[in-house]
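Everything below concerns the one structure shown next.
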Amino acid sequence: MKVKFQNVSKSFNRRNTSSAIEVLRDLSFEVKESEFFCIVGPSGCGKSTIINLVAGFFPPDSGEVNVDGKAITKPSASRTVVFQDYALFPWKTVAENIEFGLKCANVDKEQRLQMVKKLAEKVRLEQFLDHYPDELSGGMKQRVAIARAFAVKPSIILMDEPFASLDQQTRDILQEELVGFQNELSQTILFVTHNIEEALFLGDKVLVLSHRPAHIKFFINVPFPKPRSPDIRNDPQFLKLKHEIWHSLREEVI
Amino acid sequence: MAKLKSVTRLLLPIISFLLLWQILSSLEILNPQFLPSPLNVGRELVDSLINQNLLVDVFASLKRVVIGFLIAAVLGIGIGLFAGFNRATANFVTPLIELFRPIPPIAWIPLAILWFGLGDKPAYFLVFLGAFFPIFTNVLFGVTAVEETYKRAAYSLGATRRHFITDILIPASLPHIFTGMRIGLGVGWIVVITAELVGAQSGLGYMIQFNRLLLETPKVIVGMVVIGIIGFLMNKLMVQLEHKLVPWKKSEQTSRL
Numbered sequence: 009m010k011v012k013f014q015n016v017s018k019s020f021n022r023r024n025t026s027s028a029i030e031v032l033r034d035l036s037f038e039v040k041e042s043e044f045f046c047i048v049g050p051s052g053c054g055k056s057t058i059i060n061l062v063a064g065f066f067p068p069d070s071g072e073v074n075v076d077g078k079a080i081t082k083p084s085a086s087r088t089v090v091f092q093d094y095a096l097f098p099w100k101t102v103a104e105n106i107e108f109g110l111k112c113a114n115v116d117k118e119q120r121l122q123m124v125k126k127l128a129e130k131v132r133l134e135q136f137l138d139h140y141p142d143e144l145s146g147g148m149k150q151r152v153a154i155a156r157a158f159a160v161k162p163s164i165i166l167m168d169e170p171f172a173s174l175d176q177q178t179r180d181i182l183q184e185e186l187v188g189f190q191n192e193l194s195q196t197i198l199f200v201t202h203n204i205e206e207a208l209f210l211g212d213k214v215l216v217l218s219h220r221p222a223h224i225k226f227f228i229n230v231p232f233p234k235p236r237s238p239d240i241r242n243d244p245q246f247l248k249l250k251h252e253i254w255h256s257l258r259e260e261v262i
Numbered sequence: 060m061a062k063l064k065s066v067t068r069l070l071l072p073i074i075s076f077l078l079l080w081q082i083l084s085s086l087e088i089l090n091p092q093f094l095p096s097p098l099n100v101g102r103e104l105v106d107s108l109i110n111q112n113l114l115v116d117v118f119a120s121l122k123r124v125v126i127g128f129l130i131a132a133v134l135g136i137g138i139g140l141f142a143g144f145n146r147a148t149a150n151f152v153t154p155l156i157e158l159f160r161p162i163p164p165i166a167w168i169p170l171a172i173l174w175f176g177l178g179d180k181p182a183y184f185l186v187f188l189g190a191f192f193p194i195f196t197n198v199l200f201g202v203t204a205v206e207e208t209y210k211r212a213a214y215s216l217g218a219t220r221r222h223f224i225t226d227i228l229i230p231a232s233l234p235h236i237f238t239g240m241r242i243g244l245g246v247g248w249i250v251v252i253t254a255e256l257v258g259a260q261s262g263l264g265y266m267i268q269f270n271r272l273l274l275e276t277p278k279v280i281v282g283m284v285v286i287g288i289i290g291f292l293m294n295k296l297m298v299q300l301e302h303k304l305v306p307w308k309k310s311e312q313t314s315r316l
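Which chain is which? The protein sequence lines are A and B, in order. First residue of the first sequence: 9, per the working numbering; consecutive thereafter. First residue of the second sequence: 60, per the working numbering; consecutive thereafter.
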């Protein structure tokens, strides 16, 4: 097992009050090696909290979060994160952003440059290595962030609604690219979204969460083989699954 | 074309102002004893440039402000960064800083003369006092204001504390460091002139005071004009330096002057 959530609960204190918001209650699930694991749920249901727990940004109140059989104590390059707002370092160029994790790992300069070049080609940004993030479009920024997260060859990549602020076309293209890399590299990915179609298109497995405090409504093992063609978005079976999840989430939103 | 436009935008108000002043002087509405005409001031400016008296004073003032400012920059950035990394230090120095900050450097003049005598040294000290506080407070703010998301991104990419400081904290706070230095240099320039009015034997402040006693009003105004121009140029220089060293900041995000 790659990731194991065991009876995890987490609450946050409301600002200036003693009352707490219970976000996760007694949550248990597992992510397998090389799996593209998507979590979908209504806004504010605690999806991001799951990512932050695995990243090690804060500990659970109770229960256990294990990655590769070890309890998480702090952030690590074995669990890189792709954020919704990109979180690129604006003072670093595209190349320097992608390079940063390798630099922290003390990879030597020569090798670093080679890896950066290869990754930049993969995300089709080889022409933009010397640009600063502010000079790029949203889609390009997120490509840099994805390359940066892949660069250190992490055990798992955590993605927190990475495409939520992109337009529909850009998002579709990035989804196709991402599912391609993931398949090619057998990279384990934990991906959180409120977009049902996105979860179904990307995921090997989709976990549907309830409203806060989040508990598991059901799992779907996505039946489409990889690599996936964009056309499966119109496949009757795809639409049926989408409808099924939408029905279930509807009750939660209302 | 754009360059020409910006030059016009800068010069038009200045020329209009000088023209109005000259007209009021020519019509003898302004008493030349109180306010000499711009032509008169211009003539004095050319004279004092030719006999080089002015340059001596300019150099004296510049030397004082540069040395005082450099001391303030080194200490302000150093202590500011350290306090930014280390909460205990910040908690310790902040009350002291807040207590000393409201005291105008001018109020330190008696002590400065008592401690350092006459000459350049008290001026270094006073410029330092004027420039240190804006630099320190901006640096400290810059370091503590680094966004949480950059911290998370850095640590989840494997950053050690060393990488975090050199690659995240310092560059993230560089724009604030520059803001502090720009303000500090401006305050330092004001302070050095004021200090020279009171206790110096050279410099632009001294030159103004000296000519006041001789009732040489045009020369007083020459001194004021030069002070204004140098202050303007120093600010410009800092902005240029910031553009060079903070290339990722778009021009509209930094000050336009």
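All C-beta atoms, glycine included, are put in the ideal place defined by N, C-alpha and C.
{"Asked": "Which residues in chain A have a C-beta closer than 7 angstroms to the C-beta of B:Leu217? List them in chain order.", "Found": "The sequence given here has Gly at residue 217 of chain B, not Leu. Under the 7 angstroms cutoff, chain A gives Ser84, Ala85, Gly109, Cys112, Ala113 and Val160."}
{"Asked": "Which runs of the alpha helix (DSSP H) spanning at least 4 residues fall entirely within the segment 178-226 of chain B, listed in chain order?", "Found": "179-203 and 207-215"}
{"Asked": "On a CA-only basis, which of A:Glu185, A:Lys111 and A:Phe199 is nearest B:Gly217? Give me that one, please.", "Found": "A:Lys111"}
{"Asked": "Pull out every residue of the segment 63-95 of chain A whose Cβ sits closer than 8 angstroms to any Cβ of chain B, in chain order.", "Found": "Ala63, Gly64, Phe65, Lys82, Pro83, Ser84, Ala85, Arg87, Thr88, Val89, Phe91, Asp93 and Ala95"}
{"Asked": "Determine, using beta carbons only, whether B:Ala212 comes closer than 8 angstroms to chain A.", "Found": "yes"}
{"Asked": "Under the assumption that B:Ala131 contacts B:Gly243 (Cβ atoms under 8 angstroms), give the Cβ distance between them as a whole number of angstroms.", "Found": "6 angstroms"}
{"Asked": "For B:Glu311, decide whether its Cβ has a neighbour in chain A, counting only Cβ atoms nearer than 8 angstroms.", "Found": "Its pLDDT being 44, under 50, B:Glu311 is placed unreliably in this model, and the value from its coordinates should be taken loosely. It does not; no Cβ of chain A falls within 8 angstroms."}
{"Asked": "Okay, do the segment 196-213 of chain A and the segment 227-236 of chain A touch, 3+ Cβ pairs below 8 angstroms being the bar?", "Found": "yes"}
{"Asked": "Which of the three DSSP states is assigned to B:Glu27 in this structure?", "Found": "This structure cannot speak to residue 27 of chain B, because chain B is shown only from 60 to 316."}
{"Asked": "Using the C-alpha atoms, what's the distance from A:Leu127 back to A:Ala157?", "Found": "10 angstroms"}
{"Asked": "Given this structure, state the Cα-to-Cα distance separating A:Arg22 from A:Ile29, to the nearest angstrom.", "Found": "7 angstroms"}
{"Asked": "At the level of alpha carbons, what is the spacing between B:Ile194 and B:Val285?", "Found": "25 angstroms"}
{"Asked": "In angstroms, rounded to a whole number, what distance separates the CA positions of B:Thr313 and A:Ser51?", "Found": "Because the pLDDT at B:Thr313 is just 44, under 50, the model does not fix this residue reliably, and the value given afterwards should be weighed accordingly. Cα to Cα, B:Thr313 sits roughly 37 angstroms from A:Ser51."}
{"Asked": "Within the 8 angstroms Cβ cut-off, does A:Pro238 reach chain B?", "Found": "no"}
{"Asked": "Return the chain-ordered list of same chain residues with a C-beta closer than 6 angstroms to the C-beta of A:Asp168, the five sequence neighbours on each side being excluded.", "Found": "Ser56, Ile59, Phe91, Gln92 and Val200"}
{"Asked": "From B:Asp226 to B:Ile126, what distance separates their C-alpha atoms?", "Found": "29 angstroms"}
{"Asked": "How many whole angstroms separate the CB atoms of A:Gly71 and A:Ala222, which I take to be in contact at a CB cut-off of 8 angstroms?", "Found": "Contact doesn't hold; Cβ gap of about 13 angstroms is too wide."}
{"Asked": "Sort out for me which residues DSSP pairs A:Lys12 with in a bridge.", "Found": "A:Glu38 and A:Asn74"}
{"Asked": "To the nearest angstrom, how far is it from the Cα of B:Tyr214 to the Cα of A:Ser84?", "Found": "6 angstroms"}
{"Asked": "Are A:Val11 and A:Val75 close, meaning C-beta to C-beta below 8 angstroms?", "Found": "yes"}
{"Asked": "Quick test of your reading: B:Ala190 and B:Ala254, contact by CB under 8 angstroms. State the CB separation rounded to the nearest angstrom.", "Found": "Going by Cβ atoms, the distance from B:Ala190 to B:Ala254 rounds to 13 angstroms, so no, they are not a contact pair."}
{"Asked": "At least one CB of chain B closer than 8 angstroms to the CB of A:Arg120: is that the case?", "Found": "no"}
{"Asked": "Between B:Leu316 and A:His139, what straight-line distance do the alpha-carbon atoms span, to the nearest angstrom?", "Found": "Because B:Leu316 sits at a pLDDT of 40, beneath the cut-off of 50, its placement in the model cannot be relied upon, and the following sentence gives the value as read from the coordinates. Roughly 26 angstroms separates the two Cα atoms."}
{"Asked": "Closest Cβ-Cβ distance between A:Arg156 and chain B: below 8 angstroms?", "Found": "yes"}
{"Asked": "At the 8 angstroms Cβ level, is B:Arg315 part of the contact set with chain A, yes or no?", "Found": "Low confidence applies here, because B:Arg315 scores a pLDDT of 42, under 50, leaving its location unreliable; read the following figure in that light. No, B:Arg315 does not count as interfacial toward chain A."}
{"Asked": "Just how far apart, CA to CA, sit A:Leu193 and A:Lys161?", "Found": "10 angstroms"}
{"Asked": "Is the beta carbon of A:Gln190 less than 8 angstroms from the beta carbon of A:Ile181?", "Found": "no"}
{"Asked": "Residues in the same chain with beta-carbon distance under 6 angstroms from A:Glu134, minus the five sequence neighbours each way, listed in chain order, please.", "Found": "Ala128"}
{"Asked": "Could you tell me whether the Cβ atoms of B:Val305 and B:Pro234 are closer together than 8 angstroms?", "Found": "yes"}
{"Asked": "Closest to B:Gly325 by C-alpha separation, out of B:Phe200, B:Pro230 and B:Leu292, would be which residue?", "Found": "A query on residue 325 of chain B cannot be resolved here, the shown segment of chain B reaching from 60 to 316 and no further."}
{"Asked": "Expressed to the nearest angstrom, what Euclidean distance is found between the alpha-carbon atoms of A:Leu32 and B:Gly247?", "Found": "56 angstroms"}
{"Asked": "Whole angstroms is fine: what's the gap from B:Phe151's alpha carbon to A:Val62's?", "Found": "36 angstroms"}
{"Asked": "List, in chain order, every chain A residue whose beta-carbon is nearer than 8 angstroms to that of B:Ile236.", "Found": "Correct list: empty, because the minimum Cβ distance to chain A is about 12 angstroms."}
{"Asked": "What does the alpha-carbon distance come out to for the pair A:Asn203 and A:Asn114?", "Found": "38 angstroms"}
{"Asked": "If the cut is a Cβ gap below 7 angstroms, which residues of chain B does A:Pro98 touch?", "Found": "Trp307"}
{"Asked": "Would the beta-carbon of B:Leu199 fall within 8 angstroms of that of B:Gly287?", "Found": "no"}
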